[in-house]
Each structure stands twice: as structure tokens, then as C-alpha cells.
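A.B. asks:
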Amino acid sequence: MMDFNTIQKKIKPGEIFFISDFIELGNYEAIRKSLQRLTKDDSIKRIAKGIYFLPKIHKRLGVIYPHAEQIAKAIAKRDKARIIATGSTALNLLGLSTQIPLKVVFLTDGSARNIKVGNQTIQFKKTNPKNLSIEHRLTNLIIQALKEIGEKHVTPEQLDKIQRIIEKSKEQEIVYKNLNNAPIWIQKIIVDK
194 MMDFNTIQKK
204 IKPGEIFFIS
214 DFIELGNYEA
224 IRKSLQRLTK
234 DDSIKRIAKG
244 IYFLPKIHKR
254 LGVIYPHAEQ
264 IAKAIAKRDK
274 ARIIATGSTA
284 LNLLGLSTQI
294 PLKVVFLTDG
304 SARNIKVGNQ
314 TIQFKKTNPK
324 NLSIEHRLTN
334 LIIQALKEIG
344 EKHVTPEQLD
354 KIQRIIEKSK
364 EQEIVYKNLN
374 NAPIWIQKII
384 VDK
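Just so you know, we're using our numbering here: the sequence shown kicks off at 194 and counts up by one.
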């Protein structure tokens with residue numbers, strides 16, 4: 194039978210895990226019931242159906258819950274899928290917006306689905322593999338954020354902030370090289386600036 198010590202040996206506090214991570218210990222239903230029992234006594238937390246995490250406790254804040262991108266990355270890793278944050282999620286992750294979206298959208302080559310996490314929804318939208326051809330996270334965030342803003346609505350302040358983000362990343366060469374695969378208007382305002 195699976196217990197809390199078994200989980201602690203394999204999972205670090207704050208990490209997300211799935212029933213499939215423990216399948217070597219027994220059948221799916223037995224593991225699900227063990228995790229259900231551990232959730233009831235607050236040893237672990239359930240994020241959504243079949244998705245759990247080992248709580249990380251902060252002295253003042255209490256349980257630190259994983260954020261949407263962390264959950265999406267864990268699901269993508271499990272499913273061996275690629276993901277890219279889009280729209281307002283990309284804007285928020287870059288710091289171009291302080292609004293935390295209630296619907297966090299990721300493009301994926303995996304299964305399309307919605308996962309409800311508290312009052313937030315994580316949506317995986319199936320996309321064309323070409324949209325996932327750039328494997329550099331910062332480049333993808335920049336492209337998706339600019340697409341969300343729109344070619345005619347990008348402000349000089351937003352462009353300056355993006356340039357500072359690129360410089361601070363110390364990955365300018367990689368970003369500029371990858372932006373060769375971005376829409377022409379994005380190349381012009383970032384690379385040719």
C-alpha cells in the first residue's frame with residue numbers, strides 16, 4: 194500500500210505528480226484510492242482530477258500552490274507534448290500585464306482539453322506543429338505577447354520593456370536568431386529596431 198513516505202521519497206515539496214508516477218506500486222485504482230486517502234488527511238493536495246502536488250509550506254503564507262504554467266508544464270511533460278503560453282498569459286509572464294488571467298491558454302501538439310484549477314481554467318489548444326517549431330521559451334513568449342497586442346497597437350513603452358527583458362536574459366543572440374521564424378512585422382519591430 195502506498196503511503197506518505199513513499200511519496201516523499203519520490204516527490205519534492207511543491208512538485209506536481211500524477212497517478213501514473215506511482216503505477217509501479219500497484220494497479221491504477223489502488224493508487225488512486227491511496228492518493229484520495231492522503232488528500233483527505235491533507236498530506237497531499239489535489240489540483241484537479243488525477244493531478245496532485247506535495248505541499249510546500251511557507252512560514253507566513255502557508256501552503257504555496259503551483260501556478261498555472263507549472264501545472265501546464267507538468268501535464269505537457271507527462272503527455273510528452275510541447276506547449277506555448279499565448280495571449281494574456283504570455284503578456285503576464287513577460288510582465289507586460291499585471292492581470293492574472295482566469296483562462297490560461299497554451300498551444301499544444303498534445304490533446305486539446307480544459308482543466309479547472311480553483312477559479313482558473315487551463316486550456317490546451319491543439320495547434321499546427323509550425324507554431325511550436327521554436328523551442329526557446331522567451332522567444333515564444335515575446336511572439337505570443339506581441340500577437341496578443343496586435344501589430345497596430347504595440348506601444349513604444351512595450352517595445353522598450355521587451356528589449357530590456359531580452360537584454361536582461363543574456364540570451365539576445367538566441368532570441369534574435371529565433372525571431373527569424375516570427376511573423377515579419379514582429380521581426381521588424383524587434384530585430385530591426
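The beta carbon of each residue, even a glycine, is placed where N, CA and C say it ideally should be.
1. What would DSSP say about ALA300, mapped onto helix, strand or coil?
2. Go through its chain and collect everything with a Cβ distance to ILE342's Cβ below 6 angstroms, but skip five positions before and after it.
3. Which residue wins for smallest C-alpha separation from GLN316, given the options ILE293, PHE197, ALA278?
4. Look at the Cβ atom of GLN351, then the Cβ atom of LEU254, and state whether they are nearer than 8 angstroms.
5. Pick helix, strand or coil for ILE336, following the three-state DSSP scheme.
6. Would you call PRO259 buried or exposed, if buried means 16 or more other Cβ atoms sit within 10 Å of its Cβ?
7. Look at the Cβ atom of LEU300, then the Cβ atom of THR320, and state whether they are nearer than 8 angstroms.
8. Mind checking ILE359: buried by the 16 CB within 10 Å criterion, or exposed?
9. For ASN324 and ASP196, what's the separation of their Cα atoms in angstroms?
10. Have a look at the DSSP bridge pairing and note the partners of VAL256.
11. Could you have a look at ALA261 and say whether DSSP puts it in helix, strand or coil?
12. Can you name the start and end residues of the beta strand (DSSP E) that ALA306 belongs to?
13. When we look at the beta-carbon of TYR221 and count the other beta-carbons within 10 Å, is it buried (16 or more) or exposed?
14. Can you tell me whether DSSP reads GLN316 as helix, strand or coil?
15. Once the 5 residues before and after ILE293 are set aside, which same chain residues still bring their CB inside 7 angstroms of it?
16. My guess is that HIS329 and ASN371 are in contact by the Cβ rule of under 8 angstroms, so how many angstroms apart are they, rounded?
17. Output the distance between the C-alpha atoms of LYS170 and GLY207, rounded to the nearest integer angstrom.
18. State buried or exposed for GLN188, treating a residue as buried only when at least 16 other CB atoms are found within 10 Å of its CB.
19. Just grab the DSSP bridge partners of ILE277 for me.
20. Should ILE257 be labelled buried (16 or more other beta-carbon atoms within 10 Å of its own) or exposed?
C.D. replies: The short version:
1. Residue identity differs from the one stated: residue 300 is Leu in this sequence, not Ala. If DSSP states are grouped into helix, strand and coil, LEU300 belongs with the strands.
2. none
3. ALA278
4. no
5. helix
6. buried
7. yes
8. buried
9. 42 angstroms
10. ILE250
11. helix
12. Looking at the sequence shown, residue 306 is not Ala but Arg. From DSSP, the beta strand (DSSP E) with ARG306 extends over 306–310.
13. exposed
14. strand
15. ASN285
16. 5 angstroms
17. Only positions 194 to 386 of the chain appear in the structure, and residue 170 is not among them; the question remains open.
18. Residue 188 lies beyond the stretch modelled for the chain, which goes from 194 to 386, so this question has no answer here.
19. LEU300
20. exposed
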